[in-house]
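*Asks:* The structure's right below; bear with me while I get my questions together.
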Amino acid sequence: MEIITSRQNPLCTHLRKLAASGSYRRRSGEFLCDSPKLLEEALLWKADLHTVVATEQAALPPIPAGVRVVQVPADVMASVSPAQTPQGVLSICGLRPAALPETLAGKRYMVLDGVQDPGNVGTILRTADAFRADGLFLVNACADLYNPKTVRATMGAVFRCPVWSCGVAELRALLSASGLPLYGAALRSDTVDARSLDFGRCAMAIGSEGKGLSREMLAVCDQTALIPMSEHCESLNAAAAAAVLLWEAARND
0 MEIITSRQNP LCTHLRKLAA SGSYRRRSGE FLCDSPKLLE EALLWKADLH TVVATEQAAL
60 PPIPAGVRVV QVPADVMASV SPAQTPQGVL SICGLRPAAL PETLAGKRYM VLDGVQDPGN
120 VGTILRTADA FRADGLFLVN ACADLYNPKT VRATMGAVFR CPVWSCGVAE LRALLSASGL
180 PLYGAALRSD TVDARSLDFG RCAMAIGSEG KGLSREMLAV CDQTALIPMS EHCESLNAAA
240 AAAVLLWEAA RND
């Protein structure tokens, strides 16, 4: 096992940049995972694992041949980990291919429109994976999928559930070509109770935490839906709203 003791080592610099910069992640083609759980998930789902960094106290699972394994002292780990309380294991994985497919053969997809909180994006991906959605679309400046906070919130779903970034026009064209209606969680003259929707095959759009769905997204929705709730409640958190719709869709399978 390789041992690094200097915070100025090039690998340490690389780790800090991966944690801090989306443009650096895209240029390098790599992203950072910051827990033993994420390393286990990367190994389980055969992710493109490049490097593992751990403290001496960390218990590592068997690491495949060809993966760089580095041991660092606790102070170096604290200097490179994006977590306030490092768990002693970091791993570097290659970014997953993100080209849009020509058509969508699955049953259900989640669309996020300007959802900027990394925790919400990661939680929604985790929830979409749990309720057997076939993929997630990020539209209009959502949080970076590979931000460490997003990755951490996915709890490994980042290695399993396909995610694509695109514009509204691209999304609409792809959904139309695939025969998938788009339901938006929003109020409009045609809004119906979400429980009355046909979730057999569809895409479901959730808007940003503060503004809801954008005008551009609303304009391409085939139907808008309301989640019934107490009259004194104005709205739900984006991740909570996504969970309700995904559960309702899965319940009707």
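Numbering that gives the first Met the number 0 puts the first residue of the sequence shown at 0, with every later residue one more than the last.
Glycine included, each C-beta is placed from N, C-alpha and C at the ideal position.
1. With 16 as the cutoff for other CB atoms within 10 Å, does E40 come out buried or exposed?
2. Would you call the CB atoms of G166 and L217 closer than 8 Å?
3. Hey, L31 and L43 are a contact pair by Cβ (cut 8 Å); roughly how many whole angstroms apart?
4. What residue range does the beta strand (DSSP E) around T223 cover?
5. Whole angstroms is fine: what's the gap from E169's alpha carbon to A176's?
6. For a quick check, are the C-beta atoms of R6 and Y145 less than 8 Å apart?
7. T12 and P72: beta carbons closer than 8 Å?
8. To the nearest angstrom, how far is the alpha carbon of S253 from that of A224?
9. To the nearest angstrom, how far is the alpha carbon of E208 from that of G65?
10. Counting C-beta neighbours from all protein chains within 10 Å, is the total for G211 16 or more, i.e. buried, or is it exposed?
11. Under a Cβ-count criterion, where at least 16 other Cβ atoms within 10 Å of its own Cβ denotes burial, should D197 be classed as buried or exposed?
12. Using beta-carbon positions only, say whether A53 and V88 come within less than 8 Å of one another.
13. Check A204 in the structure and name its three-state DSSP category.
14. Relative to the alpha-carbon of P100, which residue among D133, A129 and K148 has its alpha-carbon at the smallest distance?
15. If I205 sits next to D112, beta carbons under 8 Å apart, how far is it from one beta carbon to the other, in whole angstroms?
16. Could you work out which residue in A152, S213 and G121 is closest to R187 when comparing CA atoms only?
17. Could you give the distance in angstroms between the alpha-carbon of I2 and the alpha-carbon of V150?
18. Exposed or buried, P117, counting other C-beta atoms within 10 Å across all chains shown (16 or more means buried)?
*Replies:* The relevant details are as follows:
1. buried
2. no
3. At roughly 18 Å, the Cβ-Cβ gap does not stay under 8 Å, so L31 and L43 are not in contact.
4. Q222 to L225
5. 11 Å
6. no
7. no
8. Nothing can be reported for residue 253, as the shown portion of the chain is limited to 0 through 252.
9. 42 Å
10. buried
11. exposed
12. yes
13. strand
14. D133
15. 7 Å
16. S213
17. 26 Å
18. buried
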